[in-house]
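Numbering (my numbering), first residue to last: 12 to 439.
This is the structure in structure tokens:
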């Protein structure tokens, strides 16, 4: 295929999301230079790298264009002294996406431009050296002298008490406007999305009603381990099993080496051209974690309910010094495979997301939408209300602040089935 034809198809994909050609062109040129003219990286996952890079550029431009106004956002205080805490150079927030786990850089070959569709787990490079480490290092907070006119702005807890732990926000006033959004712990339907959750839809063979206490404490795995090959995805310490984690990483590194499914009538292609949609480009068959739920006999402290219990590690939102806007860092060491956070947002249909992008000014695009397409290929035709995505622009949790790390991503997203076996909707 010629370069002209590939560019035409790229613009066709971005127009379907309401993105103007004149704004997409410089982003496309930058990615081609970054990827050494490797179009395959740009075209993979329906031009995900191009779309994410566009939103990142709009976000950064929006931050530059805004007036330096501090909004009312909960409990806050100004520190008038010249002493502030220095953010380590490598502590820009990890790569995005919806529950997440720690990985190591040697396991990441190709650029991980975006994390999609899953809970976030850890994969961290030691910021103090060029070597690799399986833990996320606690940032070294050393006092440095700062300008008197740039005191720290601190929000004690952006979650307003909704999470198990407080999540603070630190930024230098005068550099940026505080983020304006509604914090919520759980996904919520915006309007038209069809999410059917009921006990009747959970078959007896898909739950463990006969269990009690902790399912991971018994020698024979229960029915809830069937999805992950007869053994649980988690260890008794609450981290992902290394074998399962490596398999998920492999899918990120080499999607072409793994199975994909193809829709007969792809919702993404239908959005691009309703009357003459192109053939489906394929959707990766993702590995899922299946957690116990209400119909199971175990308790809430069961080792197979990690994502449901929510955030337990100490996180902080901070203003990055690399020009990437707000980011997220840990305030403690985290072992490889640790659950960091879920990607929470409004549940939209892809049509609703398209219309939202058309109406948006661009300044509010703090985050990237997550397409829930891990099981689209299982049905011949998918209705619009069943082709869903998550958008944390206006309502979401701390995951909305997680940034890209193209070459040394330390998080991976993994789909998690909890309330329903119907995978039109799942947790990320």
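Glycine included, C-beta positions come from ideal geometry on N, C-alpha and C.
Everything numeric in this text was worked out from a predicted model, so none of it was measured.
#### Entry: Unbroken alpha helix (DSSP H) run spanning residue 203, endpoints
Numbered from its first residue, the chain shown carries residue 203 at position 192. Careful: residue 203 lies outside any alpha helix (DSSP H) and carries neither H nor E.
### Query
In the structure shown, what three-state DSSP assignment does residue 55 receive?
To locate residue 55, count along the chain shown from 1; it is residue 44. Helix, per DSSP.
### Query
On the premise that residue 130 lies in contact with residue 392, defined as a C-beta separation below 8 Å, what is that separation, rounded to the nearest angstrom?
One-based indexing of the chain shown puts residue 392 at position 381. One-based indexing of the chain shown puts residue 130 at position 119. Not confirmed; about 29 Å, so no contact.
### Message
According to DSSP, simplified to helix, strand and coil, what is residue 387?
### Response
Here residue 387 refers to the residue found at position 376 when the chain shown is read from its first residue. DSSP places residue 387 in helix when its eight states are reduced to three.
### Task
Could you spell out where the beta strand (DSSP E) holding residue 357 opens and where it closes?
Along the chain shown, one-based indexing puts residue 357 at 346. Run containing residue 357: 356 to 360, per the beta strand (DSSP E) assignment.
### Query
In whole angstroms, what is the alpha-carbon distance linking residue 35 and residue 219?
Here residue 35 is taken as the residue at index 24 of the chain shown, counted from 1. Here residue 219 is taken as the residue at index 208 of the chain shown, counted from 1. Taking the straight line from one Cα to the other gives about 50 Å.
### Query
Hey, quick one: how far does the beta strand (DSSP E) through residue 33 stretch, first residue to last?
On the chain shown, position 22 is the one that residue 33 refers to. No beta strand (DSSP E) holds residue 33; the alpha helix (DSSP H) holding it covers 32 to 45.
### Message
If you follow the alpha helix (DSSP H) that residue 282 is in, where does it begin and where does it stop?
### Response
Sequence index remark: in the chain shown, residue 282 carries index 271 (1-based). Counting along the chain, residue 282 sits inside the alpha helix (DSSP H) bounded by residues 278 to 283.
### Message
Does the segment 285 to 295 come into contact with the segment 196 to 208, if we say contact requires no fewer than three beta-carbon pairs (one atom in each stretch) closer than 8 Å?
### Response
By the Cβ rule, the segment 285 to 295 does not count as touching the segment 196 to 208, because fewer than three pairs are nearer than 8 Å.
### Task
Please name the residue, chosen from 397, 439, 383, that lies closest to residue 56 on a Cα-to-Cα basis.
Along the chain shown, read from residue 1 onward, the residue named residue 56 stands at position 45. With distances taken between CA atoms, residue 56 lies nearest to 383 out of 397, 439, 383.
### Message
Checking the sheet assignment: what are the DSSP bridge partners for residue 327?
### Response
Working through the chain shown from its first residue, we reach residue 327 at position 316. DSSP, once it has assigned bridges, lists 179, 340 as partnering residue 327.
### Query
On the premise that residue 425 lies in contact with residue 259, defined as a C-beta separation below 8 Å, what is that separation, rounded to the nearest angstrom?
Residue numbering aside, residue 259 sits at position 248 when the chain shown is read from its first letter. Residue numbering aside, residue 425 sits at position 414 when the chain shown is read from its first letter. Right, their Cβ atoms sit about 6 Å apart.
### Query
Is residue 351 near residue 132, with beta carbons less than 8 Å apart?
Taking the chain shown and counting its residues from 1, the one referred to as residue 351 is at position 340. Taking the chain shown and counting its residues from 1, the one referred to as residue 132 is at position 121. Cβ distance < 8 Å, so residue 351 and residue 132 count as in contact.
### Query
Which stretch, first to last residue, makes up the beta strand (DSSP E) that contains residue 9?
No statement about residue 9 is possible, as the shown extent of the chain runs from 12 to 439 and does not include it.
#### Entry: Runs of alpha helix (DSSP H) wholly within the segment 249 to 307 (minimum 4 residues, chain order)
Correct list: 253 to 264, 278 to 283.
### Message
Buried or exposed for residue 438, going by 16 or more other Cβ atoms inside 10 Å?
### Response
Position 427 of the chain shown, counted from the start, is the residue given in the question as residue 438. Within a 10 Å sphere around the beta-carbon of residue 438 sit 16 or more other beta-carbons, which makes this residue buried.
### Message
So, at 6 Å on beta carbons, what are the nonlocal neighbours of residue 468 in its own chain, with the 5 sequence-adjacent residues on each side left out?
### Response
As shown, the chain starts at 12 and ends at 439. That puts residue 468 outside it, with no answer to give.
#### Entry: Between the CA atoms of residue 330 and residue 336 - distance to the nearest angstrom
Your numbering for residue 336 matches position 325 in the chain shown. Your numbering for residue 330 matches position 319 in the chain shown. Cα atoms of residue 336 and residue 330: separation of roughly 6 Å, rounded to the nearest angstrom.
#### Entry: Cβ neighbour criterion (16 or more within 10 Å) applied to residue 409
Your numbering for residue 409 matches position 398 in the chain shown. The residue in question, residue 409, is buried, as its Cβ has 16 or more Cβ neighbours within 10 Å.
### Task
Could you pull out every residue in the same chain whose Cβ sits closer than 7 Å to the Cβ of residue 215, ignoring the five residues on either side in sequence?
Position 204 of the chain shown holds residue 215. Excluding positions up to five away in sequence, the list is empty.
### Query
If you run the structure through DSSP and keep just helix, strand and coil, what is residue 438?
Within the chain shown, the letter at position 427 stands for residue 438. Reduced to three states, the DSSP call for residue 438 is strand.
### Message
Quick check: what's the CA-CA separation for residue 194 versus residue 261?
### Response
Stepping through the chain shown from its first residue, residue 194 is reached at position 183. Stepping through the chain shown from its first residue, residue 261 is reached at position 250. Cα-Cα distance, rounded: 33 Å.
### Query
DSSP state of residue 420, grouped into three classes?
Sequence index remark: in the chain shown, residue 420 carries index 409 (1-based). DSSP places residue 420 outside both helix and strand once states are collapsed to three, so it counts as coil.
### Query
According to DSSP, is residue 133 helix, strand or coil?
Within the chain shown, the letter at position 122 stands for residue 133. Note: residue 133 maps to strand in three-state DSSP.
### Query
How about residue 385 and residue 356: are their beta carbons less than 8 Å apart?
Against the chain shown, residue 385 aligns to sequence position 374. Against the chain shown, residue 356 aligns to sequence position 345. No. Outside cutoff.
#### Entry: Cα-Cα separation between residue 446 and residue 311, rounded to whole angstroms
Lying before the first or after the last residue shown, residue 446 is absent from the chain, which here runs from 12 to 439.
#### Entry: Assigned exposure category for residue 353 - 16 Cβ within 10 Å defines buried
One-based indexing of the chain shown puts residue 353 at position 342. Buried.
### Message
Just to check my reading of the structure: residue 178 and residue 327 have Cβ atoms closer than 8 Å, yes? What is that Cβ distance to the nearest angstrom?
### Response
By one-based count along the chain shown, residue 178 stands at place 167. By one-based count along the chain shown, residue 327 stands at place 316. About 7 Å; that satisfies the 8 Å criterion.
### Task
Taking residue 30 as the reference, give the member of 344, 61, 421, 164 with the closest Cα.
Start at 1 with the first residue of the chain shown, and residue 30 comes out as number 19. The residue with the shortest Cα to Cα distance from residue 30 is 61.
### Query
Looking at C-alpha atoms only, which residue of 270, 433, 379, 427 is the closest neighbour of residue 400?
The residue labelled residue 400 in the question sits at position 389 within the chain shown. It is 379.
### Message
Taking the beta carbon of residue 211 as the centre, do at least 16 other beta carbons fall within 10 Å, making it buried, or is it exposed?
### Response
Position 200 of the chain shown, counted from the first residue, corresponds to residue 211. Around the beta carbon of residue 211, a 10 Å sphere encloses fewer than 16 other beta carbons of the protein chains shown; the residue is thus reported as exposed.
### Close Cβ partners of residue 244 (< 7 Å) along its chain, the five nearest in sequence each way excluded
One-based indexing of the chain shown puts residue 244 at position 233. Correct list, in chain order: 251, 252, 255, 300.
### Query
Exposed or buried, which one is residue 415 when buried takes at least 16 other CB atoms within 10 Å?
As a working mapping, residue 415 is identified with position 404 in the chain shown. Residue 415 comes out buried.
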